[in-house]
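Sequential numbering from 1 applies to the first sequence in my numbering.
Step one of this worksheet: look at the structure below.
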Amino acid sequence: MKSLVEVVVSNNSYNTDRLFTYEVGDDQKESIRLGQRVLVPFGRGNKPVQAYVFKILGQKDTDFKVKKIIEIADYDPILTKKQLDMVEWMRENYICTYMDCINAICPKGIGLENYKVAVLKNTPKDPLSEKEEIIVGEIQKSGSASIEKLTGKFGSAKKIISALEKKDVIEIVWEYKKLENKKYVETVRLCIDYEDIDINIERLKKQRAHKQAEAVEFLRYNDECIKSDLKQITGASQATIKSLLQKGIVEIQKEEYYREPDQQDIEESDIALNDEQKAAVRHIGKGFSEGFSKPIVLHGVTGSGKTQVYIEAIEKAVSLGKECIMLVPEIALTPQTVSRFKARFGEGIAVIHSGLSAGEKYDQWRKMKKGHANVCIGARSAIFSPFENIGIIIIDEFHESSYKSEMSPKYDTIELSKIMCNMHGAGLVLGSATPSVKEYYMCKTGEYDIIRLEKRANNKLPPKIELIDMKREIDSGNRGIFSRRFLKLLGDALERKEQAMIFLNRRGYSNFVYCAECGFVLKCKRCDISMTYHKDIGGVKCHYCGHKEKMPQACPECGENALETGGMGTQRVVDEIKNMYPQSHILRMDRDTTSRKGAHSHIIQKFRRKEADILIGTQMISKGHDFPDVTFVGVVSADATLNYPDYKSSEKTFQLITQVSGRAGRASLPGVVALQAHDTTHYSIQHAKDYDYEGFYDKEIRLRKTFGYEPFGNILSIVVSGRNKSSVMNNIYKIHEGMTYVLAKKGFEDFSFIMGPSECPMAFINMKHRWQMVIRDSGIDIEFLKKIVRFVCITKRSKIIDEDVNVSIDINPSSIM
DNA sequence: AGCACGCCGACT
DNA sequence: GTCGGCGTGCTC
Numbered sequence: 001m002k003s004l005v006e007v008v009v010s011n012n013s014y015n016t017d018r019l020f021t022y023e024v025g026d027d028q029k030e031s032i033r034l035g036q037r038v039l040v041p042f043g044r045g046n047k048p049v050q051a052y053v054f055k056i057l058g059q060k061d062t063d064f065k066v067k068k069i070i071e072i073a074d075y076d077p078i079l080t081k082k083q084l085d086m087v088e089w090m091r092e093n094y095i096c097t098y099m100d101c102i103n104a105i106c107p108k109g110i111g112l113e114n115y116k117v118a119v120l121k122n123t124p125k126d127p128l129s130e131k132e133e134i135i136v137g138e139i140q141k142s143g144s145a146s147i148e149k150l151t152g153k154f155g156s157a158k159k160i161i162s163a164l165e166k167k168d169v170i171e172i173v174w175e176y177k178k179l180e181n182k183k184y185v186e187t188v189r190l191c192i193d194y195e196d197i198d199i200n201i202e203r204l205k206k207q208r209a210h211k212q213a214e215a216v217e218f219l220r221y222n223d224e225c226i227k228s229d230l231k232q233i234t235g236a237s238q239a240t241i242k243s244l245l246q247k248g249i250v251e252i253q254k255e256e257y258y259r260e261p262d263q264q265d266i267e268e269s270d271i272a273l274n275d276e277q278k279a280a281v282r283h284i285g286k287g288f289s290e291g292f293s294k295p296i297v298l299h300g301v302t303g304s305g306k307t308q309v310y311i312e313a314i315e316k317a318v319s320l321g322k323e324c325i326m327l328v329p330e331i332a333l334t335p336q337t338v339s340r341f342k343a344r345f346g347e348g349i350a351v352i353h354s355g356l357s358a359g360e361k362y363d364q365w366r367k368m369k370k371g372h373a374n375v376c377i378g379a380r381s382a383i384f385s386p387f388e389n390i391g392i393i394i395i396d397e398f399h400e401s402s403y404k405s406e407m408s409p410k411y412d413t414i415e416l417s418k419i420m421c422n423m424h425g426a427g428l429v430l431g432s433a434t435p436s437v438k439e440y441y442m443c444k445t446g447e448y449d450i451i452r453l454e455k456r457a458n459n460k461l462p463p464k465i466e467l468i469d470m471k472r473e474i475d476s477g478n479r480g481i482f483s484r485r486f487l488k489l490l491g492d493a494l495e496r497k498e499q500a501m502i503f504l505n506r507r508g509y510s511n512f513v514y515c516a517e518c519g520f521v522l523k524c525k526r527c528d529i530s531m532t533y534h535k536d537i538g539g540v541k542c543h544y545c546g547h548k549e550k551m552p553q554a555c556p557e558c559g560e561n562a563l564e565t566g567g568m569g570t571q572r573v574v575d576e577i578k579n580m581y582p583q584s585h586i587l588r589m590d591r592d593t594t595s596r597k598g599a600h601s602h603i604i605q606k607f608r609r610k611e612a613d614i615l616i617g618t619q620m621i622s623k624g625h626d627f628p629d630v631t632f633v634g635v636v637s638a639d640a641t642l643n644y645p646d647y648k649s650s651e652k653t654f655q656l657i658t659q660v661s662g663r664a665g666r667a668s669l670p671g672v673v674a675l676q677a678h679d680t681t682h683y684s685i686q687h688a689k690d691y692d693y694e695g696f697y698d699k700e701i702r703l704r705k706t707f708g709y710e711p712f713g714n715i716l717s718i719v720v721s722g723r724n725k726s727s728v729m730n731n732i733y734k735i736h737e738g739m740t741y742v743l744a745k746k747g748f749e750d751f752s753f754i755m756g757p758s759e760c761p762m763a764f765i766n767m768k769h770r771w772q773m774v775i776r777d778s779g780i781d782i783e784f785l786k787k788i789v790r791f792v793c794i795t796k797r798s799k800i801i802d803e804d805v806n807v808s809i810d811i812n813p814s815s816i817m
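As structure tokens, then:
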């Protein structure tokens with residue numbers, strides 16, 4: 001009988017994606033716990049690897065040999081018990097490995113470095129060669145030497161080392177080093193009595209230790225000074241402080257320090273709630289006393305003050321001693337929300353988003369883990385906050401596609417939130433002005449609760465939306481980007497010294513470059529995508545792989561000097577507006593102008609301070625920002641996103657128009673929206689124009705039902721990608737074959753629910769060919785389907801699929817391009 | 001993944 | 001006869 005545990009071993013191999021049994025040593029029995037990180041010998045070479053304790057089996061016997069845990073890596077479990085359950089669930093449902101899930105949940109920066117070292121074993125029986133002597137000497141110097149260093153130092157070390165090993169002179173063993181990315185702040189303080197300070201200073205001066213005397217002088221009035229500050233202010237060096245330390249004059253204290261990512265200006269804004277908001281807070285609050293039975297959708301028009309409702313609900317949870325998670329689409333985009341939360345909850349806030357470095361993320365994680373933060377605000381990965389007792393999870397703008405992960409595991413944050421809430425007995429609030437059709441359907445069927453906020457918080461009417469038919473504009477001779485009405489409304493706003501926003505969901509200057517002579521279109525060398533012209537850099541860029549090139553002088557195909565640009569992007573809009581309104585100050589916000597850290601909030605701040613009249617941008621300008629002086633919003637091409645071969649494109653268009661329109665007239669001034677479109681008859685544009693969510697929903701849900709899309713059915717996509725096209729094709733067919741083989745064995749004859757294999761609509765991206773299979777769950781149980789996909793693509797992966805391709809599995813993908 | 005084992009060709 | 005090339009398969 002041995003004391004046994006089951007662990008998940010940390011390596012990214014599909015072949016080791018299962019639980020392994022290890023023995024717990026007698027000295028470890030006391031401290032072993034679920035979710036802990038341990039170090040285990042693994043494989044034939046007994047290489048030490050990290051592992052995570054998933055099950056504690058207790059006293060058991062096994063019919064196979066077990067190894068012993070080397071050590072417990074950290075006393076406090078990295079994963080909570082609930083997170084372990086979450087890992088199991090994700091692995092099962094998103095068809096991925098244990099480690100895919102653990103990597104998504106755990107912060108980076110707690111790692112392990114492995115290396116082989118040579119140590120001396122026996123004194124040699126026979127005399128050694130000259131080279132062997134050198135190596136042995138090197139090992140002797142410090143008792144052990146890493147193989148890597150030895151081979152780096154001496155070219156032929158590898159051969160000699162193995163010869164020495166064979167002679168039993170040395171032994172190769174594994175060593176490891178724990179990598180910890182903690183930041184400490186060191187504070188210096190005097191540890192002599194106040195009365196003795198002068199005596200000490202005198203003594204130091206006599207010793208001609210002026211720098212030290214100066215430092216002591218400074219500390220007399222500034223006790224507990226941060227070491228780096230002390231150095232900077234008094235000019236003291238490391239040596240100065242060290243000798244003071246040795247003389248026993250000062251002491252240094254190490255404290256854990258949490259890097260605080262962005263020190264935003266914190267603005268206090270305590271707004272009194274209106275009746276609707278109060279009712280919403282009451283409704284949510286009821287859950288804390290009566291229990292939360294179902295998710296709550298908070299459907300509030302833009303500007304209805306949803307954030308204030310969130311704050312009140314979180315306040316309530318905090319006062320009950322519970323923890324809260326507040327999810328936002330992309331935190332870098334909503335600094336205002338963060339600062340409002342910071343104003344209300346102060347130090348107890350942890351902030352997680354993609355702009356943070358690994359170290360900063362780790363710090364925020366520890367802050368929560370240690371209970372120094374009880375509210376986490378962040379992008380989708382904040383759902384993995386290591387809280388033990390969650391009271392409420394809020395997802396703001398929950399319809400946003402950024403809540404679906406792009407990387408394996410391709411999780412759906414809303415789905416995970418539901419599971420988390422069930423485990424913690426917490427409430428789930430989904431807020432949006434434009435709920436996704438799927439979730440709204442759940443409200444209709446009664447699976448979700450719904451609260452409506454129909455009034456804008458300031459009681460203002462929403463801005464009037466004017467729909468402008470660009471076809472008619474062309475017919476009447478205007479071939480420009482902007483209609484006359486658009487320019488009139490923009491000009492009016494500028495004349496009144498108010499601000500304007502212009503939205504176009506495409507960056508760059510123009511989205512394709514073509515030859516007027518032969519019709520050739522410039523495409524990316526790495527992708528099968530047309531290049532976008534960027535006037536500011538005088539070159540073309542590929543928006544899929546980031547590849548940049550100079551703009552060619554002549555057509556690469558026919559050699560004629562006839563290259564022209566077509567289509568438009570934000571840069572061209574800026575150019576044209578600048579031409580028409582030379583006096584106006586224009587800011588552009590898109591991925592090109594915000595790539596630098598902090599550039600995003602810089603632009604926002606500038607526009608808020610009214611240092612510019614017009615803000616031109618993409619998606620980024622559409623959400624969350626509150627600019628009180630914006631009275632005009634222009635949408636250059638409302639139907640641009642409508643023609644994608646994607647079943648969600650209508651929904652996305654409706655949402656985008658509604659969100660953008662909501663930017664106008666948020667304060668006392670009335671707003672107006674100019675909506676330009678070539679196809680003005682489309683239902684998503686028509687309903688968006690009238691703020692008619694219900695009308696849009698009715699139409700959309702009928703279409704979804706007809707075609708069996710969400711929420712009436714599920715889609716599972718398998719994409720194989722790789723550099724070698726024939727290998728990609730070969731492998732997707734092997735997966736297809738593997739699946740149909742298993743299905744046939746289970747009695748299936750009709751495989752019409754599997755579409756493809758076929759080339760992806762975007763068939764070549766970043767030097768990789770892409771082929772896909774799209775599977776619908778009509779006539780087959782989705783859980784059964786997942787099991788088969790797992791068997792073929794994960795369990796039997798190395799038997800079926802070649803090494804040179806990547807397989808990506810996505811359940812209900814947000815797009816099948 | 002990463003390592004050991006093992007089977008084969010090129011060399012002392 | 002032996003060294004080391006990489007193909008194969010296993011990891012508690």
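In this text, a Cβ means the ideal position worked out from N, Cα and C, and glycines have one as well.
Legend entry - Endpoints, the beta strand (DSSP E) within which CYS515 is located: What you label residue 515 is simply residue 515 of the first sequence in a count that begins at 1. 512–515 is the span of the beta strand (DSSP E), which, as asked, contains CYS515.
Legend entry - Through-space distance from MET620 to SER401, alpha-carbon basis: Here residue 401 refers to the residue found at position 401 of the first sequence. Here residue 620 refers to the residue found at position 620 of the first sequence. C-alpha separation (whole angstroms): 13 angstroms.
Inset, instruction - Count the other C-beta atoms from every protein chain shown that fall within 10 angstroms of the C-beta of LYS768, then say buried if there are 16 or more, exposed otherwise. - result: One-based indexing of the first sequence puts residue 768 at position 768. By the neighbour-count rule (16 or more Cβ atoms within 10 Å), LYS768 is buried.
Legend entry - Limits of the beta strand (DSSP E) - the one that TYR22 falls within: Here residue 22 corresponds to residue number 22 of the first sequence, with the count starting at 1. Here the beta strand (DSSP E) through TYR22 covers 19–23.
Inset, instruction - Grab me the residues of ALA457's own chain with a C-beta within less than 8 angstroms of its C-beta, minus the 5 sequence neighbours each way, in chain order. - result: Numbered from 1 along the first sequence, position 457 holds the residue referred to as residue 457. The answer, listed in chain order, is ILE271, ASN274, GLN277, GLY303, SER304, GLY305, GLN308.
Inset, instruction - Alpha carbon to alpha carbon, how far is MET755 from LYS464? Give it in angstroms, no decimals. - result: As a working mapping, residue 464 is identified with position 464 in the first sequence. As a working mapping, residue 755 is identified with position 755 in the first sequence. Near 44 angstroms, if we compare the C-alpha coordinates of MET755 and LYS464.
Legend entry - Touching by the beta-carbon criterion (3+ pairs, under 8 angstroms), the region 577–584 and the region 512–531: no
Inset, instruction - May I have the straight-line CA-CA distance separating ARG608 from GLY617, to the nearest angstrom? - result: As a working note, residue 608 is residue 608 in the first sequence. As a working note, residue 617 is residue 617 in the first sequence. If I take the Cα positions, the gap works out to 15 angstroms.
Inset, instruction - With a threshold of 7 angstroms, establish whether the CB of SER162 neighbours any heavy atom of the ligand PLP. - result: For the ligand PLP, the structure offers nothing, since it holds no ligand at all.
Inset, instruction - Assign MET767 to one of three DSSP states: helix, strand, or coil. - result: Position 767 of the first sequence, counting from 1, holds the residue named residue 767. In the structure shown, MET767 adopts coil according to DSSP, grouped into three states.
Inset, instruction - Drop a sphere of 10 angstroms on the beta-carbon of PHE42, count the other beta-carbons inside from all chains shown, and report buried for 16 or more, exposed for fewer. - result: What you label residue 42 is simply residue 42 of the first sequence in a count that begins at 1. Looking at its Cβ environment, which holds 16 or more other Cβ atoms inside 10 Å, PHE42 is buried.
Legend entry - Sequence ranges, beta strand (DSSP E) only - wholly within the region 719–771, length at least 3: 754–765
Inset, instruction - Identify every run of the beta strand (DSSP E) within the region 495–581, keeping only runs that are complete inside it and at least 3 residues long; order them along the chain. - result: Within the region 495–581, the runs of beta strand (DSSP E) that reach at least 3 residues and sit entirely inside it are, in chain order, 499–503, 512–515, 532–534, 539–541, 548–550, 563–566.
Legend entry - Contacts around LEU39, its chain only, beta-carbon distance under 6 angstroms, and the 5 residues preceding and following it disregarded: The sequence position of residue 39 within the first sequence is 39, counting from 1. Counting only Cβ-Cβ distances below 6 angstroms, and skipping sequence neighbours, we find PRO48, ILE70, GLU71, ALA73.
Legend entry - Residues near ILE765 by beta carbon distance below 6 angstroms, same chain, minus five either side: Position 765 of the first sequence, counted from the start, is the residue given in the question as residue 765. Around ILE765: CYS527, TYR544.
Legend entry - Status (buried if at least 16 other CB within 10 Å, exposed otherwise) for TYR115: Looking up residue 115 in the first sequence gives position 115. The residue in question, TYR115, is exposed, as its Cβ has fewer than 16 Cβ neighbours within 10 Å.
Legend entry - When VAL328, VAL318, TRP365, GLY359 are compared against ARG344, the one with the closest alpha-carbon: Along the first sequence, one-based indexing puts residue 344 at 344. Comparing Cα-Cα distances from ARG344 to each of VAL328, VAL318, TRP365, GLY359, the minimum goes to VAL318.
Legend entry - Sequence-distant residues of the same chain with beta carbon closer than 8 angstroms to ASP804, five excluded per side: Looking up residue 804 in the first sequence gives position 804. Contacts found: GLY722, ARG723, ASN724, SER727.
Inset, instruction - Taking the CB atoms as reference points, tell me whether ALA373 and GLY662 lie closer together than 8 angstroms. - result: Numbered from 1 along the first sequence, position 373 holds the residue referred to as residue 373. Numbered from 1 along the first sequence, position 662 holds the residue referred to as residue 662. No; because the gap between Cβ atoms is not below 8 angstroms, this pair is not in contact.
Inset, instruction - State the DSSP-derived secondary structure class of ARG776, mapped to helix, strand or coil. - result: The sequence position of residue 776 within the first sequence is 776, counting from 1. Three-state DSSP puts ARG776 in a strand.
Inset, instruction - Name, in chain order, the residues that DSSP records as bridge partners for MET589. - result: Translated into positions along the first sequence, residue 589 becomes position 589. Beta-bridge pairing links MET589 to GLY617.
Inset, instruction - Indicate whether ILE800 and VAL789 have their beta-carbon atoms separated by less than 8 angstroms. - result: As a working mapping, residue 800 is identified with position 800 in the first sequence. As a working mapping, residue 789 is identified with position 789 in the first sequence. A distance of 8 angstroms or more separates the beta carbons of ILE800 and VAL789.
Inset, instruction - Taking all protein chains shown into account, decide if HIS210 is buried (16 or more other Cβ within 10 angstroms of its Cβ) or exposed. - result: What you label residue 210 is simply residue 210 of the first sequence in a count that begins at 1. So HIS210 ends up on the exposed side.
Legend entry - First through last residue of the alpha helix (DSSP H) which encompasses ALA350: For the purposes of this step, residue 350 is identified with residue 350 of the first sequence, where counting begins at 1. It is not in any alpha helix (DSSP H) - ALA350 instead sits in the beta strand (DSSP E) that spans 349–352.
Legend entry - MET407, DSSP secondary structure in three states: What you label residue 407 is simply residue 407 of the first sequence in a count that begins at 1. Residue state, collapsed to three classes: coil.
Inset, instruction - Could you check what DSSP says for THR187 in three-state terms: helix, strand or coil? - result: Numbered from its first residue, the first sequence carries residue 187 at position 187. Three-state DSSP puts THR187 in a strand.
Legend entry - Coarse secondary structure for PHE712, derived from DSSP in three states: For the purposes of this step, residue 712 is taken as residue 712 along the first sequence, with counting starting at 1. Reduced to three states, the DSSP call for PHE712 is coil.
Legend entry - Proximity of ALA500 and VAL630 at Cβ, strictly below 8 angstroms: Numbered from its first residue, the first sequence carries residue 500 at position 500. Numbered from its first residue, the first sequence carries residue 630 at position 630. Yes, these two residues count as a Cβ contact at 8 angstroms.
Inset, instruction - With DSSP collapsed to three states, give me the class of THR307. - result: Here residue 307 is taken as the residue at index 307 of the first sequence, counted from 1. The answer is helix: DSSP assigns THR307 an H, G or I state.
Legend entry - Host beta strand (DSSP E) of TYR52 (start-end): Translated into the one-based positions of the first sequence, residue 52 becomes position 52. First-last of the beta strand (DSSP E) with TYR52: 47–60.
Legend entry - GLU323 classed as buried or exposed, judged by whether at least 16 other C-beta atoms fall within 10 angstroms: Counting from 1 along the first sequence, the entry for residue 323 is found at position 323. Under this definition GLU323 is a buried residue.
Inset, instruction - Taking ILE450 as part of the beta strand (DSSP E), name the residues at either end of that continuous run. - result: Locating residue 450 in the first sequence gives position 450, counting from the first residue. Run containing ILE450: 449–453, per the beta strand (DSSP E) assignment.
Inset, instruction - Just mark ARG484 as buried or exposed, buried being the case when its beta carbon has 16 or more other beta carbons within 10 Å. - result: Counting from one through the first sequence, the residue named residue 484 turns up at place 484. Burial call: exposed.
Legend entry - CB contact flag (VAL24, GLN36, <8 angstroms): In the first sequence, residue 24 corresponds to position 24, counting from 1. In the first sequence, residue 36 corresponds to position 36, counting from 1. Cβ atoms of VAL24 and GLN36: not closer than 8 angstroms.
Legend entry - Entirely enclosed beta strand (DSSP E) segments - the region 353–422, minimum 3 residues: 375–378, 390–396
Inset, instruction - Check the DSSP bridge columns for ALA118 and list the partner residues they point to. - result: Position 118 of the first sequence, counting from 1, holds the residue named residue 118. ALA118 is bridged to ALA145, ILE172.
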